[in-house]
Amino acid sequence: MAIEKGIASYEQLEYVGQDGDTITPRVDAQEVRRIQDIFRPYYAAHCAIQTGEYTGISQLLRQLRANGIQTAVVSNKPDPAVQKLTADYFQDLFDLSLGEQPQIRRKPAPDMVLKALKDLGLTPEQAVYIGDSEIDIQTAKNAGLDCISVTWGFRSKTFLKAHGARFLVDTPEEIARFF
3 MAIEKGIASY EQLEYVGQDG DTITPRVDAQ EVRRIQDIFR PYYAAHCAIQ TGEYTGISQL
63 LRQLRANGIQ TAVVSNKPDP AVQKLTADYF QDLFDLSLGE QPQIRRKPAP DMVLKALKDL
123 GLTPEQAVYI GDSEIDIQTA KNAGLDCISV TWGFRSKTFL KAHGARFLVD TPEEIARFF
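Note that this note's numbering has the sequence shown beginning at 3, numbered continuously upward.
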């Protein structure tokens, strides 16, 4: 669909992780809804295609949990996909997994993160947000959390710094040093 709109594959990467209503400025709201109506059922059935764990993440999660640190995933992906992916790739490594739900505003609004914290019995001062995008940096700020930005996602270190990243890590092992 993006190619039909003249959007190059490298440009499509800019929108990975964005709010689902933001595909590109070249696509109007009505077309976004049409695309979402096609994409969501497809993604629900195929969310694990070309998806996998970044090297070292399971080991990091096990180490954090062994140290008594609660872990959660908060994603703008539809909640059924988040539940499937965390069960398939990270079974029993997250205390909470939360995806898009109609009654909760999506990231970068703080609502999903604040719900996760409440469900875990934590305050923003007791948590840190780890993410790989400018949306994650803004979400953490909006929720009152410090943010560790990782450089192995779809955004470069330079891009993350330009969008306010204060703590940058290149490997999962570096995250463990914060705890």
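Yeah, the Cβ is synthetic: ideal placement off N, Cα and C, and Gly gets one too.
In this text, all values refer to a predicted model and were calculated from it rather than measured experimentally.
Taking a 10 Å sphere around the C-beta of P104, we find fewer than 16 other C-beta atoms and assign the residue as exposed. One thing to note: A167 has its Cβ within 9 Å of the Cβ of S151.
Beta-bridge partners of A74 (DSSP): L98. V152 is bridged by DSSP to V171. Spatial neighbours of T88 in its own chain (CB-CB distance under 7 Å, excluding positions within 5 residues in sequence) are listed in chain order as V75, F96 and S99.
Taking a contact as a CB-CB distance under 8 Å, the pair P112 and T141 counts as one, their CB atoms being some 7 Å apart. For D148, the CB contacts under 8 Å within the same chain, skipping 5 residues up- and downstream, are V130, Y131, A142, R168 and F169 in chain order.
For the set P110, Q128 and K120, the Cα lying nearest the Cα of D138 is the one of P110.
If you ignore the 5 residues before and after E55, its C-beta comes within less than 8 Å of the C-beta of Y91 and F92, all in its own chain and listed in chain order. Only residues of its own chain outside the window of five on either side were considered, and among them F181 have a CB closer than 8 Å to the CB of N69, listed in chain order.
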